[in-house]
Amino acid sequence: MIKMIIVEFKKFLETKFIILYTFITFITCFFITFIEKTLFENTADAFSYLEFLNFNSTFMLVKIIFPVLMIFIVSNVFSSDYSDGTLKYFLLSDISKNKIYFGKIIFIMSISILTILVIFWGLNISFVVFFKDVIIIEHCLIALSAYFLIGIGVIPIVLITIIISFFISDFIKTNFISIGFLILSLVTDGLFEGKFYSPTGFISNANLYFEKFIDISSYCIMIAFYTLLLNIVILMIFNKKDFWL
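So for the sequence shown, our numbering puts the first residue at 4; every next one is plus one.
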């Protein structure tokens with residue numbers, strides 16, 4: 004399993020995608036902050052650091068761009084490996100399917116946390132640049148813990164994208180269907196505001212992490228339920244799928 008994680012990180016680094024990935028994320032953070040600064044010009048003094056991070060936790064960058072980026076990565080890790088024969092190579096190397104899967108999922112979740120951290124620090128830097136305000140360490144830790152929960156909250160969408168990739172086995176089609184499902188789920192969240200019923204509920208209700216209206220135990224139970232259920236489904240499909248076709 005460790006071998007799989009190392010292989011995935013090597014592939015990720017060799018593509019130089021991480022440089023472009025980080026650059027685009029930072030530029031997006033600065034662009035969005037600039038727009039917000041312009042919109043809230045007259046009330047900038049009242050727009051505190053925590054309010055800024057809270058607002059952006061349910062705005063386009065975290066709610067849409069972040070999960071879409073994760074869908075692209077998941078599609079590349081699973082669909083591309085199947086279509087180009089990489090999975091067959093791993094199986095010929097006597098690596099079990101379970102080790103292949105868990106190695107890939109650990110890699111994906113590591114990238115998820117890395118991505119949300121890049122977004123978090125991008126927003127922090129852009130806040131200081133545009134709002135010219137200092138950041139209190141205590142407030143920064145509160146915001147960081149909230150964004151960490153958001154990074155974990157993308158797990159259901161990641162796992163559903165994996166299931167779709169097993170049936171589609173095509174990078175572009177997997178992305179198209181997964182993004183369609185993401186949008187449908189986000190729309191559904193509007194019907195269950197403040198609840199974690201849908202796969203995207205953990206992202207749509209990110210503001211609750213700041214406002215401390217969230218019951219952490221309920222959050223953990225629901226995310227564990229989604230993770231366990233979807234992983235069982237994935238492992239059943241993965242172990243039965245014939246990768247030699």
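Idealized CB from N, CA, C, for every residue including glycine.
Helix, strand or coil at residue i [DSSP, three-state]
{"i": "Leu232", "result": "helix"}
{"i": "Asp192", "result": "helix"}
{"i": "Ile167", "result": "helix"}
{"i": "Tyr150", "result": "helix"}
{"i": "Lys14", "result": "helix"}
{"i": "Ser99", "result": "coil"}
{"i": "Pro159", "result": "helix"}
{"i": "Lys135", "result": "coil"}
{"i": "Trp247", "result": "Legend: pLDDT at Trp247 = 49, less than 50; position of this residue unreliable, value from coordinates given subsequently. The answer is coil: DSSP assigns Trp247 none of H, G, I, E or B."}
{"i": "Lys6", "result": "helix"}
{"i": "Phe123", "result": "helix"}
{"i": "Ala227", "result": "helix"}
{"i": "Tyr200", "result": "coil"}
{"i": "Asn178", "result": "helix"}
{"i": "Asn79", "result": "helix"}
{"i": "Ser221", "result": "helix"}
{"i": "Asn208", "result": "coil"}
{"i": "Ser172", "result": "coil"}
Test item: CB-CB of residue i and residue j under 7 Å
{"i": "Ile206", "j": "Gly156", "result": "yes"}
{"i": "Thr28", "j": "Gly125", "result": "yes"}
{"i": "Thr203", "j": "Leu189", "result": "yes"}
{"i": "Phe15", "j": "Phe130", "result": "no"}
{"i": "Ile38", "j": "Leu64", "result": "no"}
{"i": "Ile74", "j": "Ser181", "result": "yes"}
{"i": "Thr177", "j": "Ser78", "result": "yes"}
{"i": "Phe174", "j": "Ser82", "result": "yes"}
Residue from the options whose Cα sits closest to the Cα of residue i
{"i": "Thr164", "options": "Ile139, Ile76, Leu147 and Leu211", "result": "Ile76"}
{"i": "Lys243", "options": "Lys100, Leu53 and Phe81", "result": "Lys100"}
{"i": "Ile240", "options": "Tyr104, Val161 and Ile22", "result": "Tyr104"}
{"i": "Phe69", "options": "Ile175, Tyr212, Phe151 and His142", "result": "Phe151"}
{"i": "Leu149", "options": "Tyr24, Ile119, Asp136 and Lys6", "result": "Before going further, note that residue 149 is Ala rather than Leu in the sequence given. When only C-alpha atoms are compared, the closest one is Ile119."}
{"i": "Thr25", "options": "Leu42, Leu72 and Ile9", "result": "Leu72"}
{"i": "Phe123", "options": "Ser82, Leu185, Ala146 and Leu187", "result": "Ala146"}
Cβ shell of residue i (< 8 Å), same chain only, five flanking positions each side left out
{"i": "Phe199", "result": "Phe205, Asn208, Ser221, Tyr222, Met225 and Ile226"}
{"i": "Val80", "result": "Glu11, Lys107, Phe110 and Ile111"}
{"i": "Ala47", "result": "Here Ala47 scores only 47 on pLDDT, less than 50, and its place in the model should not be relied on; the value that follows carries that caveat. Lys40 and Phe134."}
6 Å Cβ shell around residue i - same chain, five flanking residues per side excluded
{"i": "Pro159", "result": "Pro202 and Tyr229"}
{"i": "Tyr52", "result": "Ile138 and His142"}
Chain-order list of residues whose beta-carbon lies under 7 Å from that of residue i (same chain, five-residue window excluded)
{"i": "Thr31", "result": "Leu64 and Ile68"}
{"i": "Ile8", "result": "Gly106, Ile109 and Phe110"}
Residue i: CB within 6 Å of a non-hydrogen atom of the ligand SAM
{"i": "Tyr229", "result": "Annotation note on the ligand SAM: not contained in the displayed structure, which lists no ligands."}
Q: Determine, using beta-carbon pairs with one atom in the region 111-119 and one in the region 218-231, whether at least three such pairs fall under 8 Å.
A: Counting Cβ pairs under 8 Å, fewer than three are found: no touch.
Q | Stretch-stretch touch, CB-based, cutoff 8 Å, three pairs: the region 231-239 with the region 163-179 | A | Yes, since at least three Cβ pairs between the region 231-239 and the region 163-179 fall closer than 8 Å, the two stretches touch.
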